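This report concerns only the one structure given below.
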Amino acid sequence: MQSPYVSAPTLSQRRLELERLDLPGATIHSRSGRELQYRFSVSPGEFSRFYDCLLSVRPGFVAPDIFVLRPDLSILSGGRRPPHIYTHKGRGTRLCLFLPKRREWMPQMKLADTHLAWTVEWLGYFEEWLLTGEWAGGGYHPTSHRRAAKMCALVSIARSRGQRSLNRVTTSEFVP
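Be aware that the sequence shown starts at 4, since it is given in the numbering used here, and climbs by one per residue.
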């Protein structure tokens with residue numbers, strides 16, 4: 004049986020992993036041993052546009068971040084806020100690719116199988132959302148902390164009643 008106390012890959016190991024992908028035009032930069040930045044371009048389909056992306060990897064058990072640098076997703080979306088993104092102060096759009104509390108990503112997982120594959124999948128759902136206005140990618144991402152707190156409270160009310168869904172809980176039962 005494998006020990007649950009497996010160490011996280013080092014930045015050097017992550018660098019080797021990314022170099023072996025041999026994506027055309029991809030570049031890797033190390034930032035003083037504190038961060039690895041992998042810049043690459045992907046397209047979610049044969050007839051889709053290409054997106055310039057940045058994968059930011061830090062040492063230890065910190066989840067990597069993915070940013071779409073170009074094209075500007077807010078411009079493509081015509082002023083609508085794309086679903087499943089995080090607010091941040093830097094360049095590009097920071098994508099929400101997985102549910103951290105469900106441990107859908109672990110540091111021992113390969114970046115090609117997780118963050119890079121999930122980015123391509125997210126971009127495919129994004130392009131579909133641009134056309135239909137509906138997000139088909141699933142997931143859960145509250146639009147605000149207040150909404151998340153309200154959702155947690157509603158779930159607590161439902162669970163206290165032994166319910167498995169929120170169908171019979173009204174928002175009037177929630178007092179902020």
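The beta carbon of each residue, even a glycine, is placed where N, CA and C say it ideally should be.
Predicted, not measured: the structure shown is a model, and the values here were computed from it.
Here the alpha carbon of Arg73 sits roughly 36 Å from the alpha carbon of Val9. Here Leu57 carries a strand assignment [DSSP, helix/strand/coil].
In the displayed model, Thr135 falls within a helix according to three-state DSSP. Taken through DSSP and simplified to helix, strand or coil, Asp68 comes out as strand. The alpha-carbon separation between Leu79 and Leu133 amounts to approximately 8 Å. Taken atom to atom, the span from the alpha-carbon of Lys104 to that of Val65 is near 13 Å. Counting of Cβ neighbours within 10 angstroms places Thr13 among the exposed residues, the total staying below 16.
Residues of the same chain with a CB within less than 7 Å of the CB of Ala29, apart from the 5 flanking positions on each side, are Tyr41, Arg42, Phe43 in chain order. Its Cα nearest to that of Gly48, the residue Glu124 stands out among Leu39, Glu124, Gly141. Within a 10 Å sphere around the beta-carbon of His118 sit 16 or more other beta-carbons, which makes this residue buried.
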